[in-house]
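Going letter by letter, the sequence shown gives residues 1 to 91 in this note's numbering.
To start, the structure itself, in structure tokens.
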Amino acid sequence: MKIVCRCEDVTYDDVLDAIKKGYTDIEELKRYLRCSMGTCQGRGCNRLLRQILLEQGVKEVPFTKNRPPVKPVSFFLLEDEVEEREGDENE
Ligand code: FES
1 MKIVCRCEDV TYDDVLDAIK KGYTDIEELK RYLRCSMGTC QGRGCNRLLR QILLEQGVKE
61 VPFTKNRPPV KPVSFFLLED EVEEREGDEN E
């Protein structure tokens, strides 16, 4: 079993099945399989997805927009930032 998208647990066979069902546009594949929509926002799988589409005879595979990866932020950090802003406003 070859994994294409580690974040969303999408395999090579999942991608091939989706292509056989007619999802040949990279944006359609993203929405159908959630590939490239995980925490790394496609940094780990977008290139593989494009490569598979090209292997399957899709002529044009445009690049998708990259968004910053989702990173957890501690509430304590947010609380410190709010306190700093409130301190600035009171000065
Ligand atoms: S590996 Fe696909 S979204 Fe992260």
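Glycine included, C-beta positions come from ideal geometry on N, C-alpha and C.
Are the segment 18-32 and the segment 59-77 touching, with three or more C-beta to C-beta distances below 8 angstroms?
-> Counting Cβ pairs under 8 angstroms, three or more are found: they touch.
Span separating the alpha-carbon of residue 2 from that of residue 86 = By 1-based counting over the sequence shown, the position of residue 2 is 2. By 1-based counting over the sequence shown, the position of residue 86 is 86. Their backbone Cα atoms lie some 51 angstroms apart in a straight line.
Cβ-Cβ distance between residue 34 and residue 8 below 8 angstroms = The residue given as residue 34 occupies position 34 in the sequence shown. The residue given as residue 8 occupies position 8 in the sequence shown. Going by C-beta atoms, residue 34 is nearer than 8 angstroms to residue 8.
What are the boundary residues of the beta strand (DSSP E) that includes residue 4?
-> Within the sequence shown, the letter at position 4 stands for residue 4. Unbroken beta strand (DSSP E) run through residue 4: 3-5.
Does at least one heavy atom of the ligand FES sit under 7 angstroms from the Cβ of residue 50?
-> In the sequence shown, residue 50 corresponds to position 50, counting from 1. For the ligand FES, no non-hydrogen atom lies closer than 7 angstroms to the CB of residue 50.
Should residue 36 go down as buried or exposed, given a rule of 16 or more other Cβ atoms within 10 Å for buried?
-> Reading the sequence shown from its first residue, position 36 is the one you call residue 36. Residue 36 should be labelled buried.
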